[in-house]
Amino acid sequence: MKALFGRSESLVAIALLVAMVVIGAINPAFFGLSNLFSLARSNVIVGIMALGVLTVMISGGIDVSFPAFAVAAMYLTLRLMLAADWQGILGPFALASAMGLAFGLVNASLVHGLRMIPLIVTLGTGALVRGALLGLVGTSQINIDHMPPGLIHFGSAELFAVRDASGAHIGLSAMILIYLALAALVHLVLGKTLLGRGVYAYGDDREAARRLGFDQRRIVFFVYGLAGALAGFAGLLHASMIWLANPRDFVGLELDVIAAVVLGGASIFGGRGSVPGTMLGVFLLVMISNSLILMHIPTTWQRVVVGLIVIVATAATSFRDRRRAQGGA
Amino acid sequence: MTEALIALLGVSKRFGGVQALAGVSLTLAAGEIHCLAGENGSGKSTLIKIIAGVESPDAGEITLAGERLSRLDPKGAIARGIQVIYQDFSLFPSLSVAENLALPSRIAGARGRGRRFGFSAGESYAIARAAIARLGIDLPLAAEVGTLATGERQLVAIARALVSAPRLLIMDEPTTALTGREIERLFAVVRELRAQGLSILFVSHKIREMFAISERITVLRNGLVVAEGEVAAFDEASLARAMIGEDLAEEPYRWPDAAPSVTPRLVLSGFSVPGEIEALDLAVFPGEIVGVAGLLGGGRTELALALFGFRPHYRGEVRLDGVRARLSSVAAAVAAGIAYVPEDRLTEGLFLAQSIDRNLLAASLARWRRWLLLDLARAEESAAVMRAEMAINTPDGARPVATLSGGNQQRVMIGRWLLRRARLLILNGPTVGVDIGSKAGLHRRIRALAEKGLAVLMISDDLPELVQNCNRVVMLHRGRLAGTFAAPALSEEGLAEQLRALV
């Protein structure tokens, strides 16, 4: 059935190509270098978060708290940097990831220790963290003139740049390298380590995994911890890339990310999903919602598009799983 | 006796208010097939879980190949050579056969000899190939387990257990989902494994299987060992008595022939369903229990489904108490007084998470309607009366129906239809998965209902069940009536012979 796995990914790839052709036909500007570079750049933040959500979903759980964790890790780290006049890159990113990790482990201990339902747990912790951030730390944006210059410099790094006919600067953000490296890492962990295969097994049949001696606690702490850490990292990266830290950022982002992961073939019931599929799903979602302007559709319709994608993708995966089940018995 | 591989001494376990095991001792020699017998709820499952390290005992100790342990964990049990094949197989449907086979040994390996985190596909294929070679079978290693048939899945489960070269293999009711031929193959595999030196703990409540496969038997009842010994020391009656704690009276059902004036409850004339049933004529009188025998696919279940309104395009005539009925939908069949209890009550009948009372009342809610609202007080009262009448073993009706044993769940299903005032009760495999004690109780209950005037159609594979409970058995083959056996001439041998003659 490896072929089927391959097929559900190639299905997304085909949908991606079709969408590209359609959008390009409506507006040839789509294939312009500047648009393509900006698309690639838009994949980075959603994509990194999606890697964590994918892992949680394979384990049979769900996480809607990560946008709150991302914004909290980003804003707290930056406020600390400003207060302490701390100029660093690695350090702040490590701190933001650690904060995300800590939040994620809170999710994990509630899910594992108290046997609570992941959706409710993460709804709760997400609201809590977001609310506490605004209430205790502040609501004011950190603008470009206050942002640590080191981070801005880092976030603006480019792989290469060209000048178009009018002489405008078009660069490909180097941040996609970070995204690709993290994706490769998660792919490796999920596919080639015992812990990763344990995540699949746990999502497939929790009781069976327990009977075989899988360490359930380690699996639960790993998936929610990873989702939190990736969110924290992505949060700070986001601020570095847009030169702005807004404590009200990322509202509603969980829907986009979950939509992208489901679009990439992951099952909400656990046991299924892959990094390449998720990356394709992220690309398709980001591309469609970013191209509405190119297609002369008002951006106010963006949420409608995302909602439609969630429903269509979920219907497609549940159709696939039903077909598979019938093929069995 | 050779040296004991595993010895349990005075093992006890409590769950809340229930003493699941009370000082159980069990000894298993190397290379022995030992049968752990007992009814559902006797403590068998708890004992298995303790040996497998999934549950830890409150008291007692386990001696495993000379090593004394007060408790085990799943990894520790596996590392010491204990493997359990659970009733549900505990496989991972989304993973490949090869991964299913290789994962458990890698988990066990990840503990002792230098932890390794990597897990490669090539390695899992090598492990998997070795495992199926030992069983002498062939399995598609790259296939996802979710796409395999039940028999193949069980082979995967057995092969997986063998990967870690176990010394003790525990099989929890392994024959439940298997056909006769698959059971034979399983027994052959079990004997082969014993010949390779494995000890096997075979858990069952099916008496004939125990005699067919085991060398020693330990019988559990209510968490206590009530009998233990060589298989030769038991016979079917003494084993049954040990399991249920009382003798089973086995007197056949007698139905006084109805007076000629009585209207039959059900009359089928020229009843046909295209491709399934051909021109069937059948009459069932009130108070009769009519058995329906035959091979799978011969028209037994098809007849039940057609009568319950699942085949709206049937031809021919159906009369209930002399009145012509049109069974065009389930609702129409129910309105005509027909009730159907399917074979798989867990997936087709019961609302498992809902309470016993709600399940009882599910079909008859319209009876309690008063204007727009339901008279819940009266409904609950009726449910309580029905619980008593069906002798459902529960302290109250608010518990989830999933907490009941198979026999009691079946009583809930029947009670539900009695509350709906069913006149014809169709039972499909009424005691599949029900242990012998409650089986006898269930049979008594069905007979009592028939004696009060209910008409019953009993579809079953279990010939003794048909012979003991039916005053008449009809045999269906290829959708046609292939024979009728009435009470005095009704015998297991006669039915078996006729069944063999089919095909």
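Quick mapping for you: the protein sequence lines, in order, are chains A and B. Count along the first sequence from 1, then add 162; that gives the number in the numbering used here. Count along the second sequence from 1, then add 39; that gives the number in the numbering used here. Backbone N, C-alpha and C fix where the C-beta goes; we use that ideal spot for every residue, glycine too. Note that the structure is a prediction, hence the values are computed from the model and not measured.
With distances taken from CA atoms, which of the options is nearest residue i?
{"i": "A:A336", "options": "A:S436, A:L276 and A:N205", "result": "A:N205"}
{"i": "B:R460", "options": "B:R517, B:G480 and B:L488", "result": "B:L488"}
{"i": "A:V226", "options": "A:W248, A:A264, A:A256 and A:A289", "result": "A:A289"}
{"i": "A:A396", "options": "A:A346, A:L285, A:Y341 and A:R359", "result": "A:Y341"}
{"i": "B:F524", "options": "B:A343, B:K491, B:V329 and B:Q393", "result": "B:V329"}
{"i": "A:V174", "options": "A:F481, A:T301, A:R484 and A:A475", "result": "A:A475"}
{"i": "B:R450", "options": "B:R462, B:A437, B:I124 and B:V473", "result": "B:V473"}
{"i": "A:G333", "options": "A:S200, A:L357 and A:V184", "result": "A:S200"}
{"i": "B:L520", "options": "B:F349, B:L321, B:G120 and B:D360", "result": "B:L321"}
{"i": "A:V268", "options": "A:T287, A:A323 and A:G250", "result": "A:T287"}
{"i": "A:I471", "options": "A:L425, A:S453 and A:V382", "result": "A:L425"}
{"i": "B:R455", "options": "B:E138, B:L399 and B:L319", "result": "B:L399"}
{"i": "B:G361", "options": "B:A430, B:E382 and B:L307", "result": "B:L307"}
{"i": "B:E532", "options": "B:D501, B:L342, B:H516 and B:R517", "result": "B:D501"}
{"i": "B:G316", "options": "B:M425, B:T340, B:W294 and B:L263", "result": "With the sequence shown as reference, residue 316 of chain B is identified as Ile, and Gly is not the correct amino acid for it. That would be B:T340, whose Cα lies nearest to the Cα of B:I316."}
Taking residue i as part of the alpha helix (DSSP H), name the residues at either end of that continuous run.
{"i": "A:D366", "result": "L356 to D366"}
{"i": "B:Y379", "result": "B:Y379 -> not in any alpha helix (DSSP H); beta strand (DSSP E) instead, spanning I377 to V380."}
{"i": "B:I36", "result": "Residue coverage of chain B in this structure runs from 40 to 542, which leaves residue 36 of chain B outside it and unanswerable."}
{"i": "A:I404", "result": "Q378 to I404"}
{"i": "B:V202", "result": "T189 to V202"}
{"i": "B:S477", "result": "I475 to E490"}
{"i": "A:G214", "result": "L195 to I220"}
{"i": "B:T85", "result": "K83 to I90"}
With DSSP run on the structure shown, which of helix, strand or coil describes residue i?
{"i": "B:R459", "result": "coil"}
{"i": "A:G489", "result": "At A:G489, the pLDDT of 47 sits below 50, so the modelled position is not reliable; the number obtained from the coordinates is stated separately. Of the three classes helix, strand and coil, the one that applies to A:G489 here is helix, per DSSP."}
{"i": "B:V242", "result": "strand"}
{"i": "B:A68", "result": "strand"}
{"i": "B:M282", "result": "helix"}
{"i": "B:Q449", "result": "helix"}
{"i": "B:T214", "result": "coil"}
{"i": "B:T257", "result": "strand"}
{"i": "A:M163", "result": "Confidence in A:M163 is poor, its pLDDT being 41 and thus under 50, which makes the residue's placement too unreliable to answer from."}
{"i": "A:I430", "result": "coil"}
{"i": "A:I459", "result": "coil"}
{"i": "A:V226", "result": "coil"}
{"i": "B:Q235", "result": "coil"}
{"i": "B:Q58", "result": "strand"}
{"i": "B:M249", "result": "helix"}
{"i": "B:E78", "result": "coil"}
{"i": "A:H315", "result": "helix"}
{"i": "B:P503", "result": "helix"}
{"i": "B:L443", "result": "coil"}
Pop quiz: residue i and residue j are said to be a contact at Cβ under 8 Å. What is the actual Cβ separation, rounded to whole angstroms?
{"i": "A:A230", "j": "A:V273", "result": "Going by Cβ atoms, the distance from A:A230 to A:V273 rounds to 16 Å, so no, they are not a contact pair."}
{"i": "B:G309", "j": "B:G355", "result": "4 Å"}
{"i": "B:H482", "j": "B:R255", "result": "Their Cβ separation, rounded to whole angstroms, is 30 Å, which puts B:H482 and B:R255 out of contact at 8 Å."}
{"i": "B:V513", "j": "B:L466", "result": "No, B:V513 and B:L466 are not in contact; Cβ-Cβ is about 14 Å, not under 8 Å."}
{"i": "B:L48", "j": "B:V242", "result": "Not really, about 20 Å apart at Cβ, beyond 8 Å."}
{"i": "B:L201", "j": "B:L178", "result": "In fact, because the Cβ distance is near 13 Å, the residues do not count as touching under 8 Å."}
{"i": "B:I124", "j": "B:A69", "result": "With 8 Å as the limit, B:I124 and B:A69 do not qualify as a contact, their Cβ atoms being about 19 Å apart."}
So the beta strand (DSSP E) residue i belongs to, where does it begin and stop?
{"i": "B:V329", "result": "I328 to A332"}
{"i": "B:G122", "result": "For the record, residue 122 of chain B in the displayed sequence is Gln; it is not Gly. Unbroken beta strand (DSSP E) run through B:Q122: I121 to I124."}
{"i": "B:I45", "result": "A43 to F54"}
{"i": "B:A321", "result": "Reading off the sequence, residue 321 of chain B comes out as Leu, not Ala. Unbroken beta strand (DSSP E) run through B:L321: I316 to V323."}
{"i": "B:H516", "result": "R511 to H516"}
{"i": "A:H331", "result": "H331 to S335"}
{"i": "B:G99", "result": "A98 to L103"}
Could you list which residues in chain E have their beta carbon closer than 9 Å to that of residue i, in chain order?
{"i": "A:E369", "result": "Here the protein chains are A and B, and chain E is not one of them."}
Taking only heavy atoms of the ligand COA into account, decide whether any of them is closer than 7 Å to the Cβ of residue i.
{"i": "B:R168", "result": "With respect to the ligand COA, the structure offers nothing, as it holds no ligand at all."}
Between the segment 478-493 of chain B and the segment 319-329 of chain B, do at least 3 Cβ pairs fall closer than 8 Å? yes
For the structure I just gave you, are there three or more beta carbon pairs, one from the segment 363-382 of chain B and one from the segment 503-513 of chain B, closer than 8 Å? The segment 363-382 of chain B is not in contact with the segment 503-513 of chain B.
Stretch-stretch touch, CB-based, cutoff 8 Å, three pairs: the segment 427-447 of chain B with the segment 389-404 of chain B: yes
Say whether the segment 409-423 of chain A touches the segment 344-357 of chain A, bearing in mind that this needs 3 or more beta-carbon pairs closer than 8 Å, one atom from each stretch. A contact is defined here as three or more CB-CB pairs under 8 Å, and the segment 409-423 of chain A fails this definition with respect to the segment 344-357 of chain A.
Are at least three pairs of beta-carbons, each pair with one atom in the segment 369-381 of chain A and one in the segment 431-449 of chain A, less than 8 Å apart? By the criterion of at least three beta-carbon pairs nearer than 8 Å, the segment 369-381 of chain A is not in contact with the segment 431-449 of chain A.
How about the segment 236-254 of chain B and the segment 265-277 of chain B: do they share at least three Cβ pairs that are nearer than 8 Å? yes
Any contact of the segment 236-248 of chain A with the segment 394-413 of chain A, i.e. 3+ C-beta pairs under 8 Å? yes
Between the segment 181-190 of chain A and the segment 444-461 of chain A, can you find at least three pairs of beta-carbon atoms closer than 8 Å? yes
May I ask you to verify whether the segment 126-139 of chain B touches the segment 173-184 of chain B, counting CB pairs closer than 8 Å and requiring at least 3? yes
The segment 111-120 of chain B contacting the segment 77-94 of chain B, beta-carbon criterion three pairs below 8 Å: yes
When you compare the segment 388-395 of chain A with the segment 204-219 of chain A, are there three or more beta-carbon pairs, one atom per stretch, that lie closer than 8 Å? Contact holds between the segment 388-395 of chain A and the segment 204-219 of chain A, because three or more Cβ pairs, one in each stretch, are under 8 Å apart.
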